[in-house]
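Here's the structure, in structure tokens; my notes come after.
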Amino acid sequence: MVRSSAVSKRTLIVVQYFRFTRLLCSNQSGATNSCLQTMYYNINLTPPAMTHWTTTAMTHRIALLICGVLYTTCAFGETRTATPVSDITVQPGFKVELLRSAQDGESSWISMSFDNKGNIILGLDDVGVGHLDISTEGDEIPFKRINNSFKHCRGVLYAHDSIYVSATNSQGFYRLQDTTGDGTFDKEELLLPLEYKSRFGHGMNQITLGPDNQIYLICGNDVVMPAEIAKTSTYRNAQKDWLLPNPHDAGHDDRVGYILRMDPEGKSFHVIAGGLRNQVDLAFNADKEMFTFDADMEWDVGQPWYRPTRINHIVPGGEYGWRWGTGKWPTYYPDSLPSTLDLGLGSPTGLVSGHTLDWPKRFQQGMYAADWQNGRILLVDLIPVGASYGGEYELFLEGAPLNICDMEVGADGNLYFITGGRGSQSGLYRVTVDPSTEPTSIGPKIHRTSVFIGKHERNRRQLYDSYQERVGSTSDLEAWPVLGRDDRWLRFSAMKAVERQPFEYWQDKVLDDDNPLRCGTGLIALCRVGVPEHQPHVFYALQRFDLTKLPLKQQLIMLRAYQLCFIRLGKPSDKQTEFAIAAISPLFPSKHESINHMAGELLVYLKMPGIVESSIPLLNEVSTQYQQLRIARMLMHVQEGWTDNSKAAFLNWLLRSRAMIGGHQLRERLTNIRADFYEIITDDDKSAHAELIEKIDQPIESGDLTTNRPFVQQWKMGDLIKDISVFSSNRPDEDGVRALTAGSCLKCHKIGTLGGQIGPDLTNIAKRFNATQILESIIEPSKVVDPKYSYSVYVLTDGTSVSGRPVGISSKTLKLEVNPLTQETIEVNRDDIDETFSGKTSPMPSGLLDTLTKEEIKDLIAYLIRASKNN
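Residues 4 to 874 (the numbering used here) are what the sequence shown spells out, left to right.
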């Protein structure tokens, strides 16, 4: 049921007039200004610059003005409504209710938390913190702002008689307290300033109360890790650890997403785990194990460094391997942990554990994961596997549009969620068991023995996890034998426990250990915490093992130990280089992509003669695009040893690579490889292969943004809004595709299997936005711009300016994309930038519909809506 006001709108205006008059007359000077600011926010107006208005006459005029605006809004404006429940499907046995739709002046809602009275605290998209009193009897749920200063509140939490706020664009983590007991949160305290320099929403995210009553803050990969990290932090000493850094990569810095734990007073801070991208929320299951839902980078699709959205089991000291650009660690790096479950493309938001729900047992066992992009909630069943978990998932709830931002379990044991984000329409929904039907009791079958063994293994892992917060106890080396265990999660936690102890306690153990699994894992630990003086000792220990006689898992561990030995402890001597090539080269090439990657990089790094000739056949024989891109990128570090045949073979590969399919950055990555190779070959080589190079350099897609069609009309929203109801009616697919082509949509946007990758993927657009919003985004593209695709304006010290989107960031330079169609880039020195501000216009031009008829526009919008719902 949608609750609506039963109060007369005209009566409301009269009441508001007297309230405003009395309020304004009772305040003086700055106090009056503050009240006015609040009123302007509540009616969705930008407050003007305030002066000291104190006269009664002026006060009455202001009150009349504001009430006039309110009257106009109420009398002539339309009540805003979130997606109706008729457009939402949920598993049998459940029902969905729309409790409240955000109205004008209430912003878009992006985070939520229940307070001690069972009411809802809201983090607002633009400015402030809101409150919904769902305990109010009657038809209307009142909304009020309880804060008007925090910007873009991606996380709110009510705990310890306080409201904790993650205010991304206010660059900090805050605490609000009610010191007078009157229900107003009058005390505002900055607990931790956090440096966030981005506009992509990868900042401070959701906040969770842990089972230990500590506060957990989720930080995305654009938040600099604070300096005042406690010495007992379990995530420490993290580095990029790249053997062959890609010079074209963005962000050659140490920023990664991480989990921050703090006490309620904000006095001590601990980084629990890191190496994540943009995990928005976390939840604890019934066993007090922590999980998060991490984001993908859809521009990396089709490339070996693409990481799907994923459920991650978070353990103390956990390293999950996300790094910038092409430097993301593969899952087979033994000094990282794998995902629990990959979920493909999406935009992760809320995460809730089912054990807190008052629902049938089958629906209490897993995690509920919200996907903003695809308008859905997934039910993830966590299956115990050794010291961790595996997972399976099924669709629990889906709607269009249903851009879910956050979820929480209410005091009644039901699931509540909010929609919103990027200025879109928000709604508050509740999911309950439908008393008229019974939810299925059939669930995933978990073998009792595996559950028992998993519990024992997880208990052991938790013991070693606890050792990470203790230093200097030789008894903690009881974890040493576990370095040789097959269970990756046990082995990782034991390695972290060993790392935490002074290496004087255990360096001799690792250097003398004859067990390849235990020794290799111990050598990785020593490389991470050791000193350069350890380098020859680590290298000698590695030389004791014949890699060709080891199973795949142990080969990968040894190869990573070789890499870290050179990355962290120092470059090899000439003699070491000779020995290392002799040890590693028999593994390359291999039938295993992981060996080709790790052994190949080592042999390139060691400058093995003949590495090009050994690698080139892999570009023709390997079965995956992933492998080809990794080998090609690797060979760009080889400047010598190219023969005429290998040069010709690589040029032919560059020509074939034009047919590769992938995300937005695939073309850029291939362009970089091509440019690097042109630096390797000589002018004579270019002349000899001029015809082939001309084919390689041909634009894959060219042409103007607009097609050569006659002008029809300069369409405006008012011309089409009255026909919005027919946009979702049945219209032929072929007419929709024809309209998309005529409107130039497919030159930049992917829709299903059609189109390009320059702009946002529109495959599921109707699961995020309704028909009106879709139409508006085409006619007025600059009204709301996705931050990932918006351009910034950089004013330089010489007085000139440049507009572009950062695609490469380093400590000294910015690489800016200035043309999305051609992917043309320029490089700007950061020292030359005098001022930066967000551009107000979208890279997408206006007027793209002006060559279409009204019927064609109907075809286009109808196709987008239908394609989303059928996907």
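Backbone N, C-alpha and C fix where the C-beta goes; we use that ideal spot for every residue, glycine too.
Rounded distance between the beta-carbons of residue j and residue i, thought under 8 angstroms
i: H134; j: I124; result: 6 angstroms
i: N281; j: G260; result: 6 angstroms
i: L285; j: V274; result: The Cβ separation is near 14 angstroms, so there is no contact.
i: C408; j: G424; result: 5 angstroms
i: G402; j: I91; result: 4 angstroms
i: G533; j: F569; result: With 8 angstroms as the limit, G533 and F569 do not qualify as a contact, their Cβ atoms being about 13 angstroms apart.
i: L127; j: W112; result: 7 angstroms
i: T329; j: N249; result: 5 angstroms
i: N208; j: W325; result: Wrong, their Cβ atoms sit about 15 angstroms apart, outside the cutoff.
i: V821; j: G807; result: 4 angstroms
i: R547; j: T524; result: With 8 angstroms as the limit, R547 and T524 do not qualify as a contact, their Cβ atoms being about 15 angstroms apart.
i: V434; j: F117; result: So it is not a contact: roughly 15 angstroms between Cβ atoms.
DSSP-derived helix/strand/coil call for residue i
i: R661; result: coil
i: W492; result: helix
i: T82; result: coil
i: Y467; result: helix
i: I69; result: For I69, the predicted model reports a pLDDT of 42, less than 50, meaning its position is unreliable; a value from the coordinates is still stated below. In this structure, I69 counts as helix in the three-state DSSP scheme.
i: M410; result: strand
i: L127; result: strand
i: S705; result: Summary for S705: the model assigns pLDDT 41, below 50, so the residue's position carries little reliability; its value from the coordinates is reported in the next sentence. Reduced to three states, the DSSP call for S705 is coil.
i: K872; result: helix
i: V532; result: helix
i: M847; result: coil
i: L555; result: helix
i: I619; result: helix
i: A745; result: helix
i: F188; result: coil
i: V513; result: helix
i: C156; result: strand
i: V607; result: helix
i: R258; result: coil
i: Y396; result: strand
i: K578; result: helix
i: Y177; result: strand
i: M228; result: coil
i: R734; result: coil
Rounded C-alpha distance that separates residue i from residue j
i: E859; j: L723; result: 12 angstroms
i: L514; j: E481; result: 17 angstroms
i: D834; j: L819; result: 15 angstroms
i: K594; j: L621; result: 10 angstroms
i: N518; j: F542; result: 16 angstroms
i: S391; j: I210; result: 24 angstroms
i: I221; j: V715; result: 50 angstroms
i: K574; j: G357; result: 50 angstroms
i: R958; j: D374; result: Coverage of the chain is limited to positions 4 through 874, which leaves residue 958 absent and any answer about it impossible.
i: I664; j: P539; result: 45 angstroms
i: L749; j: A742; result: 10 angstroms
i: L802; j: T839; result: Looking at the sequence provided, one finds Gly at residue 802 rather than Leu. Approximately 13 angstroms, taken between the alpha carbons.
i: P351; j: T84; result: 24 angstroms
i: H155; j: N675; result: 36 angstroms
i: V805; j: V130; result: 29 angstroms
i: L48; j: T171; result: Residue confidence is low: L48 scores 37 on pLDDT, short of 50, so the model does not pin down where it sits. No coordinate-derived value is stated.
i: S795; j: V831; result: 13 angstroms
i: R6; j: D142; result: In this prediction, R6 scores a pLDDT of 46, lower than 50, which makes its location untrustworthy; the coordinate-derived value is nonetheless stated afterwards. R6 and D142: Cα-Cα distance of roughly 5 angstroms.
Residues bridged to residue i (per DSSP)
i: T92; result: E401
i: W112; result: L127
i: T211; result: Y219
i: I560; result: According to DSSP, which records beta bridges pairwise, I560 is partnered with nothing at all.
i: A162; result: S165
i: V715; result: Answer is none; V715 lacks a bridge partner.
i: V434; result: V99 and L418
i: G347; result: T312
i: H134; result: I124 and K147
i: L263; result: L220 and V274
Cβ-heavy atom distance, residue i to the ligand PLP, below 6 angstroms
i: F420; result: Because no ligand of any kind appears in the structure shown, any question about the ligand PLP cannot be addressed here.
Could you tell me which whole alpha helix (DSSP H) segments of length 4 or greater appear in the stretch 771-843?
With a minimum length of 4 residues, the continuous alpha helix (DSSP H) runs that stay inside the stretch 771-843 are 774-782.
Quick check on the DSSP output: what are the complete alpha helix (DSSP H) runs of length 4 or more inside the stretch 625-651, in order along the chain?
Taking 4 residues as the shortest admissible run, the stretch 625-651 contains the following complete alpha helix (DSSP H) segments, listed from N- to C-terminal end: 628-638.
Which runs of the beta strand (DSSP E) spanning at least 3 residues fall entirely within the stretch 267-342, listed in chain order?
Counting only runs of 3 or more, we get 272-279, 285-287, 293-297 and 312-317.
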